[in-house]
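Each remark here refers to the structure printed beneath this line.
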Amino acid sequence: MADRPTEVCIAGRVVHGRGCGRELGFRTANVELDAGAAAELTEGVWAGWIRWPGQTWREAVINVGHRPTFGGGSLSVEAHVLEFSGDLYGTDVELRLVHRLRNERRFADREALSRQIRIDVARARALLRGRAPTRQPTEEQQ
Ligand SMILES: Cc1cc2nc3c(=O)[nH]c(=O)nc-3n(C[C@H](O)[C@H](O)[C@H](O)COP(=O)(O)O)c2cc1C
1 MADRPTEVCI AGRVVHGRGC GRELGFRTAN VELDAGAAAE LTEGVWAGWI RWPGQTWREA
61 VINVGHRPTF GGGSLSVEAH VLEFSGDLYG TDVELRLVHR LRNERRFADR EALSRQIRID
121 VARARALLRG RAPTRQPTEE QQ
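Numbering (the working numbering), first residue to last: 1 to 142.
Next comes the structure, spelled out in structure tokens:
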């Protein structure tokens with residue numbers, strides 16, 4: 001089971017988070033999902049791809065979880081887009097979760113979480129490099 005390649009494709013609109021991502025030093029796009037899509041997801045930190053209209057697929061690290069470091073909350077999907085600093089609020093994005101990197105954890109402070117996210121980013125780069133999806137998810141499902 002653990003070795004089986006996993007790929008989950010989801011789509012949703014980027015909505016406002018609580019603003020903690022900026023303080024962390026990693027801007028995140030909070031993706032709003034309908035309840036059905038959220039139920040399909042496996043929690044954890046993922047390496048994967050993000051795309052929005054007019055763009056090619058970009059590398060991302062994605063957290064599917066409850067942010068226990070910041071007191072927890074409802075399930076959220078947050079993507080940090082590598083080498084991108086623009087504003088995605090209100091944009092409809094597609095996400096592909098490809099490699100599950102680790103469980104979400106509670107860190108002692110935001111510096112410790114930031115250090116871990118830097119490691120997540122490095123692992124994601126190594127796993128994703130040169131492997132951008134070339135086909136539409138819908139074509140692959142046929
Ligand atoms: C790659 C990545 C990994 C993350 N890992 C964790 C984690 O292990 N534990 C945690 O509490 N939050 C984790 N987060 C979520 C951050 O806590 C979250 O991005 C931050 O609270 C900002 O939330 P906001 O946009 O709602 O303000 C992660 C976020 C990203 C992008």
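Ideal Cβ placement from N, Cα and C applies to all residues, glycine included. Keep in mind that this is a model prediction, so the values were computed, not measured.
Where does the unbroken alpha helix (DSSP H) through residue i begin, and where does it stop?
| i | result |
| --- | --- |
| ASP92 | Run containing ASP92: none in the alpha helix (DSSP H); it sits in the beta strand (DSSP E), 92 to 102. |
| ALA39 | 35 to 39 |
Give the single residue among the options whose Cα lies nearest to the Cα of residue i.
| i | options | result |
| --- | --- | --- |
| THR69 | VAL8, ILE117, GLY86, GLY90 | ILE117 |
| GLY86 | VAL8, VAL121, ALA11, ARG58 | ARG58 |
| PRO53 | LEU101, PRO133, VAL93 | VAL93 |
| LEU113 | ASP34, VAL45, ILE10, LEU95 | VAL45 |
| ARG131 | VAL61, VAL98, SER74 | VAL98 |
| GLU7 | ARG100, ARG125, ARG115 | ARG100 |
| HIS16 | THR91, GLY71, CYS9 | THR91 |
| THR134 | ILE50, ALA37, ILE62, ALA35 | ILE50 |
| GLU23 | GLY73, ALA122, GLU111 | GLU111 |
| ALA11 | GLU43, SER74, ALA37 | ALA37 |
| GLY152 | THR56, ARG105, ALA122 | Lying outside 1 to 142, the shown extent of the chain, residue 152 is not represented and no answer is given. |
| THR56 | GLY72, TYR89, PHE84 | PHE84 |
| LEU89 | CYS9, GLU32, GLY73, ALA126 | Note on identity: in this sequence residue 89 is Tyr, with Leu being the wrong assignment. Out of CYS9, GLU32, GLY73, ALA126, GLU32 has the C-alpha closest to the C-alpha of TYR89. |
Which residue marks the beginning of the beta strand (DSSP E) containing residue i, and which one marks its end?
| i | result |
| --- | --- |
| GLU111 | Unbroken run through GLU111 is the alpha helix (DSSP H), 110 to 128; no beta strand (DSSP E). |
| GLU59 | 58 to 65 |
| ILE76 | Checking the sequence, you will find Ser at residue 76 rather than Ile. 76 to 81 is the extent of the beta strand (DSSP E) around SER76. |
| TRP49 | 44 to 51 |
Quiz item: So which residues put a beta carbon under 7 angstroms from any heavy atom of ligand 1, going in chain order?
Solution: GLY17, ARG18, GLY19, CYS20, GLY21, LEU24, PHE26, THR28, ASN30, VAL45, VAL61, ILE62, ASN63, GLY65, ARG67, PRO68, THR69, PHE70, SER76, GLU78, ALA79, HIS80, GLU104, ARG105, ARG106, PHE107, LEU113, GLN116, ILE117, ASP120
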